[in-house]
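Written below as structure tokens is the structure these notes are about.
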Amino acid sequence: MLKNRDLRIVFVIGILFYLGTYSGFIHADRIKDISQIQGVRNNPLIGYGLVVGLDGTGDGNAPHTVQSLRSMLSRLGVNIPQGVSLQSKNVAAVSIHTDLQAFSKPGQTLDITVSSIGNARSLRGGSLLMAPLKGVDGKVYAIAQGNVIVSGFGVEGNDGSKVTVNVPSVGRIPNGAIVEQSVETPFGGKREIVLNLRRPDFSTSNHVAQAINNMIGPGSAYSIDAGSINVQAPEDLGQRVAFISMLENLEVQPAEPPARVVINSRTGTVIIGQHVRVMPAAVSHGNLTVTITESENVSQPGAFARAGRTAVTKQSDINVTQDNYRMFKIKEGVTLDDIVRGVNEVGMAPGDLVAILEALKEAGALRAELIVI
């Protein structure tokens, strides 16, 4: 029989095993979240149309709008003489775009976005007339029509002043397009399916293949490269759907990302990855500020002077200040927490941190990939 000490050891080992298993479960990702099936994707659609019924906020006498309006009326049996000018203040030429989702079937609806391409100030209150939506191959895949919903608005005064909220020249039409034909996908055409990782990584690709083999059986999947995994799937479409449903919910431990430092040069945002390390280095960084102030002085002769005149003279005051930042030393193998803590103690701004990281990269002391976006 086990003694009390042995029971405590077994209990501690069980707790550690449970915590390790639970921790791995927390950090695991589903295959559907880190990959997608090759060939199963959305297809962009684009079209051109007219939005009518605007309250004087249309394109006016824009040539393309007048031409489109005349052509549309001609197809509807309304012939307007060439000498007669059309007023299109209540009409706007717009571009229409959306994405045809994978496996969309004829009769299903799509949400569309309508954007002014002319001089229209607002699309509020307008209605889009029937317009075809084409793919990159020039074929019509959907027909768009409906009332435009605009979240922005604009108010303009007679003196030229105006107030604009959001973007009134862009609107949405929920369920504004009807699918006319579907796009074929290679989902059921081959025995194998290929999973493409959203972020290619050799370790993650290997983990996915091992997880599939452990669940289905050896030889069921193998890694093609860092971004693709080949999986043997049933030939029957009904079984294939059930197989993909089971496969995409399988949880995999993804590989840890490489050491990266991402810098947004426009906003000053700095993101430092978990595995960033810095080799020994000494850093000194200071800001030199030069301020020049221009002022004017009035010089005039005395009250009883017989000669002289009043003159304006300029005076420049130059002030030079430099922040008293001391040199600090970075030890070998410091972590992300050490870097952030040291920068906060010195009191540096994000711009100063960017300059230091770039200098460390040039000196070869930064063990990470520096990405500037």
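Per our numbering: the sequence shown = residues 17 to 389. We put the beta carbon where it would ideally sit given N, CA and C, even for glycine.
{"Query": "Reference G55; option with closest CA among F203, V186, L266, G74", "Result": "F203"}
{"Query": "I31, buried or exposed, once every other Cβ within 10 Å from all chains shown has been counted against 16", "Result": "Below a pLDDT of 50, predicted positions are generally treated as unreliable, and I31, at 40, falls in that range; the measurement from the model is reported next regardless. Label assigned to I31: exposed."}
{"Query": "Whole-Å CB distance - G134 paired with A109, under 8 Å assumed", "Result": "5 Å"}
{"Query": "Contacting residues, own chain, Cβ-Cβ under 6 Å from S315 (five flanking each side not counted)", "Result": "A327, T329"}
{"Query": "For K150: DSSP bridge partner residues", "Result": "I62, V156"}
{"Query": "CB of V160 within 8 Å of CB of T220, strictly", "Result": "Rather than Val, the amino acid found at residue 160 in this sequence is Ala. No, the pair does not count as a contact, with Cβ atoms beyond the cut-off."}
{"Query": "Residues that DSSP places opposite T220 in a beta bridge", "Result": "Paired residue(s): none; T220 is not in a bridge."}
{"Query": "8 Å contact criterion, which I53 and L211 should meet: CB distance rounded", "Result": "6 Å"}
{"Query": "Within 8 Å, strictly: CB atoms of P60 and D115", "Result": "yes"}
{"Query": "In DSSP terms, what E385 is bridged to", "Result": "R276"}
{"Query": "Reference S185; option with closest CA among A136, Q103, F259, R57", "Result": "A136"}
{"Query": "Residue range of the unbroken beta strand (DSSP E) whose run includes H291", "Result": "That residue, H291, is in no beta strand (DSSP E); it is neither H nor E in DSSP."}
{"Query": "Element boundaries [alpha helix (DSSP H), containing P79]", "Result": "79-91"}
{"Query": "Cβ pair count under 8 Å reaching 3, the stretch 228-237 against the stretch 273-283", "Result": "no"}
{"Query": "Stretch-stretch touch, CB-based, cutoff 8 Å, three pairs: the stretch 281-301 with the stretch 370-387", "Result": "yes"}
{"Query": "Residues near S84 by beta carbon distance below 7 Å, same chain, minus five either side", "Result": "L66, A109"}
{"Query": "S101 to G76 span [Cα, whole Å]", "Result": "11 Å"}
{"Query": "Supposed contact pair V224 and I245 - C-beta distance, whole angstroms, cut 8 Å", "Result": "5 Å"}
{"Query": "Contact set for A242: own chain, Cβ-Cβ below 7 Å, skip 5 residues either direction", "Result": "P216, D217, F218, S221"}
{"Query": "CB contact flag (V183, G284, <8 Å)", "Result": "no"}
{"Query": "CB of G162 within 8 Å of CB of I189, strictly", "Result": "yes"}
{"Query": "Residue burial classification, L373 (beta-carbon count within 10 angstroms, cutoff 16)", "Result": "buried"}
{"Query": "Residue nearest to S143 in terms of C-alpha spacing, selected from V164, Q124, V152", "Result": "V164"}
{"Query": "6 Å CB neighbourhood of H113 in its chain, flanking five on each side removed", "Result": "I62, T129"}
{"Query": "Neighbour-count burial assignment, I389, 16 or more Cβ in a 10 Å radius", "Result": "exposed"}
{"Query": "Bridge partners - L213, DSSP secondary structure assignment", "Result": "S51"}
{"Query": "Buried versus exposed, by CB contacts within 10 Å (16 or more), I209", "Result": "buried"}
{"Query": "The ligand NAD heavy atom lying under 7 Å from the CB of P274", "Result": "Because no ligand of any kind appears in the structure shown, any question about the ligand NAD cannot be addressed here."}
{"Query": "Buried/exposed call for A78, threshold 16 Cβ in 10 Å", "Result": "buried"}
{"Query": "Spatial distance of S198 from N265 (CA atoms)", "Result": "27 Å"}
{"Query": "Where E208 sits in the DSSP three-state scheme", "Result": "strand"}
{"Query": "Spatial distance of M146 from S131 (CA atoms)", "Result": "15 Å"}
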